[in-house]
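Here's the structure, in structure tokens; my notes come after.
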Amino acid sequence: MSDLSHSAKAAELSKAFVALSLQYAGTCADPYPVYAEKRHNTPVFEGDLPREMGVPSIAAGVGPDRKMFTLLKYADVHAALVDSETFTTEPYREVFGPVQGEIILMMGGTEHRFWRTVLTNIFQKKTLDDWTARLFGPTIERRITELAAKKKSELLGDFMLPFPLEVVYQMLGLPVDPEQLNQFSEWALLMALGGMADFKNPEQTRELMGNAMMAADNLFKHLKNIVQQRRAENSQAADLISLLVRSEVDGRRLQDDEIVYFVRSLLPAAGETTTRSFSNVLATIMERPGLYEQIRADRSLVPNVINEALRFEGIIAVMPRLTTRDVEIRGVKIPAGSGVNLIVNSANRDEDAFENPNEFNINRKFKMPLTFGFGAHMCMGMMLSKIEMGAALNSMLDHMPNMRLNPNEEYLGIKGIQFRTPPSLPVIWD
Ligand code: HEM
Numbered sequence: 007m008s009d010l011s012h013s014a015k016a017a018e019l020s021k022a023f024v025a026l027s028l029q030y031a032g033t034c035a036d037p038y039p040v041y042a043e044k045r046h047n048t049p050v051f052e053g054d055l056p057r058e059m060g061v062p063s064i065a066a067g068v069g070p071d072r073k074m075f076t077l078l079k080y081a082d083v084h085a086a087l088v089d090s091e092t093f094t095t096e097p098y099r100e101v102f103g104p105v106q107g108e109i110i111l112m113m114g115g116t117e118h119r120f121w122r123t124v125l126t127n128i129f130q131k132k133t134l135d136d137w138t139a140r141l142f143g144p145t146i147e148r149r150i151t152e153l154a155a156k157k158k159s160e161l162l163g164d165f166m167l168p169f170p171l172e173v174v175y176q177m178l179g180l181p182v183d184p185e186q187l188n189q190f191s192e193w194a195l196l197m198a199l200g201g202m203a204d205f206k207n208p209e210q211t212r213e214l215m216g217n218a219m220m221a222a223d224n225l226f227k228h229l230k231n232i233v234q235q236r237r238a239e240n241s242q243a244a245d246l247i248s249l250l251v252r253s254e255v256d257g258r259r260l261q262d263d264e265i266v267y268f269v270r271s272l273l274p275a276a277g278e279t280t281t282r283s284f285s286n287v288l289a290t291i292m293e294r295p296g297l298y299e300q301i302r303a304d305r306s307l308v309p310n311v312i313n314e315a316l317r318f319e320g321i322i323a324v325m326p327r328l329t330t331r332d333v334e335i336r337g338v339k340i341p342a343g344s345g346v347n348l349i350v351n352s353a354n355r356d357e358d359a360f361e362n363p364n365e366f367n368i369n370r371k372f373k374m375p376l377t378f379g380f381g382a383h384m385c386m387g388m389m390l391s392k393i394e395m396g397a398a399l400n401s402m403l404d405h406m407p408n409m410r411l412n413p414n415e416e417y418l419g420i421k422g423i424q425f426r427t428p429p430s431l432p433v434i435w436d
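So the mapping is simple: my numbering equals the position in the sequence shown, first residue as 1, plus 6.
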């Protein structure tokens, strides 16, 4: 594969990603003052805040209009995430189900607990350490050292987009082949684009969903072959597919299709999320001149910076839920069958949960932000994504001294109402 076709593909993916990010930028340039006002005056209210801010709301689903509510306080959002029987993840099924099929995020009850056990058994620290040492660490180091010589970059396209997809690709034990990796990445992005269609805009939905279904179908066939192969050869390897094939909980083993659905769901769940999160970490650092060099001089700050940046600018600003029974919160009655927007990025800036919440403070005493969710559906990849981001940041600090925003390129800042990320990240270094 030549450098040209590789960078052409990266540019193409990057453009699609920017278009998708801008769709989710909405009509409100800075949501935090709006959150603060509402948190103060109407912390629970009937209404659809994302839609009021000009973006499609996942909790509204795809069917006829339903009653919509919005929660903004840390305590309320936290309680709703914990009570997953009352506040279910059903809206994900309505919006992402047609493309993704049945995946863990949409499940409840026994089936969900079964999957959590399967994954908890697999995502152990020793497995993550092994993958990091053999696969991700060297890959990140290679990508960064190659980039370092260029002295400038639009990091979103050059690094943030490709590296988490390569991490997933490696985790699955897929062949070391740049062509196949590119194809895999393209399918992943097309699927992600489908999940972000505005369902109130049928024409756009048809196009994005059509492409996404095609990509999902191709991925399904591709991955199913690999799962069947690993099963047939009774693979004892330590890649995720082989581990899933071998896994057994309470005498139950996973079917091939179940494995494929799960593995395919990791493309948006582990790829795009890490792209956006690490972009937000870097953007937050770049927006504060001097901070990068401070961290470079004291690497013990790396975990704090990542944690604080993810509190300050979480990527999934709104988590969608559907109520299964009538509830009342702060005097507001929410009937069964309502869509509920949990405004996580408001919860993470709630003054009752975090002191001086609008201050980016790398010395803040750690308290769990809700960026990775909480309770039954809390992210299974939190540890892995933090390892990846830590390795990537350390490698940049090693090889790209004095990194700063490129003064000759436009930088728009972190944008978005449903998902937040900078549409581009132009930087230079010495
Ligand atoms: C920084 C990157 C990431 C962020 C911000 C993130 C965020 C989240 C959030 C917010 C949820 C819960 C959504 C909800 O309750 O509505 C979630 C679920 C999940 N995440 Fe992540 N994620 C990240 C990376 C990863 C990675 C790397 C993996 C896998 C290796 C992963 C696997 C999962 C899975 C399997 C679930 C579903 C858990 C369940 O439903 O029980 N995530 N993630």
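Every residue, glycine too, gets a C-beta built ideally from N, C-alpha and C.
Taking a cut-off of 6 Å, which residues have a beta-carbon closer than that to any heavy atom of the ligand HEM, in chain order?
95, 110, 111, 122, 272, 275, 276, 279, 280, 283, 321, 322, 325, 377, 378, 379, 383, 385, 386, 387, 390 and 391
Leaving out the 5 sequence neighbours to the left and right, which residues in its chain are closer than 6 Å to residue 265 when beta-carbon positions are compared?
233 and 250
Determine the closest residue to residue 376 out of 290, 348, 165 and 281, with distance taken between C-alpha atoms.
348
In the DSSP assignment, what are the bridge partners of residue 159?
433
DSSP state of residue 345, grouped into three classes?
strand
When burial is assigned at 16 or more other CB atoms within 10 Å of the CB, is residue 374 buried or exposed?
Counting Cβ neighbours within 10 Å, residue 374 comes out exposed, since fewer than 16 surround it.
Buried or exposed for residue 380, going by 16 or more other Cβ atoms inside 10 Å?
buried
On the CB-based measure, 16 or more other CB atoms within 10 Å of its CB, does residue 306 come out buried or exposed?
exposed
Could you please give the first and the last residue of the uninterrupted alpha helix (DSSP H) stretch that includes residue 316?
308 to 318
Does DSSP put residue 281 in a helix, in a strand, or in coil?
helix
Cα separation between residue 123 and residue 108?
17 Å
What does DSSP give as the partner residues of residue 52 in its beta bridges?
75
Along the chain, where does the alpha helix (DSSP H) that runs through residue 227 open and close?
208 to 238
Which residue marks the beginning of the beta strand (DSSP E) containing residue 326, and which one marks its end?
324 to 329
Span of the beta strand (DSSP E) holding residue 340?
338 to 340
Helix, strand or coil, according to DSSP, for residue 92 in the structure here?
coil
Once the 5 residues before and after residue 298 are set aside, which same chain residues still bring their CB inside 6 Å of it?
291 and 409
Measure the C-alpha to C-alpha separation of residue 352 and residue 130 and round it to an integer number of angstroms.
31 Å
Helix, strand or coil for residue 371? Go by DSSP, reduced to three states.
coil
Should the segment 80 to 90 be regarded as contacting the segment 162 to 181, the criterion being three or more beta carbon pairs within less than 8 Å?
no
Exposed or buried, residue 69, counting other C-beta atoms within 10 Å across all chains shown (16 or more means buried)?
exposed
Does DSSP classify residue 129 as helix, strand or coil?
coil
From residue 52 to residue 77, what distance separates their C-alpha atoms?
9 Å
Helix, strand or coil: which one does DSSP assign to residue 68?
coil
Just how far apart, CA to CA, sit residue 190 and residue 174?
Approximately 10 Å between the Cα atoms of the pair.
Using DSSP's beta-bridge definition, name the partner residues of residue 427.
Partner(s): 421.
For residue 197, I'd like the list of residues in its chain whose CB is within less than 8 Å of its CB, leaving aside the five on either flank, ordered along the chain.
105, 106, 218, 221, 222, 225, 270, 273 and 274
If you reduce the DSSP assignment to three classes, tell me which class residue 416 lands in.
Coil at residue 416, not helix or strand.
Please classify residue 258 as buried or exposed, where buried requires at least 16 other C-beta atoms within 10 Å of its C-beta.
exposed
Please confirm whether residue 286 and residue 368 have their CB atoms less than 8 Å apart.
no
Look up residue 61 in the DSSP assignment and say whether it is helix, strand or coil.
If DSSP states are grouped into helix, strand and coil, residue 61 belongs with coil.
Whole angstroms is fine: what's the gap from residue 354's alpha carbon to residue 317's?
Cα to Cα, residue 354 sits roughly 6 Å from residue 317.
Suppose the cutoff is 8 Å on Cβ atoms and the five residues either side in sequence are ignored; what does the same chain contact list for residue 445 look like?
Absent from the structure is residue 445, since the part of the chain shown begins at 7 and ends at 436.
Alpha carbon to alpha carbon, how far is residue 417 from residue 341?
Near 43 Å, if we compare the C-alpha coordinates of residue 341 and residue 417.
According to DSSP, is residue 21 part of a helix, a strand, or is it coil?
When DSSP states are grouped into helix, strand and coil, residue 21 belongs to the helix group.
For residue 59, which residues in the same chain have their Cβ closer than 8 Å to its Cβ, ignoring the five residues on either side in sequence?
In its chain, beyond the 5 residues on either side, 32, 33, 34, 37, 40 and 423 have a beta carbon closer than 8 Å to the beta carbon of residue 59.
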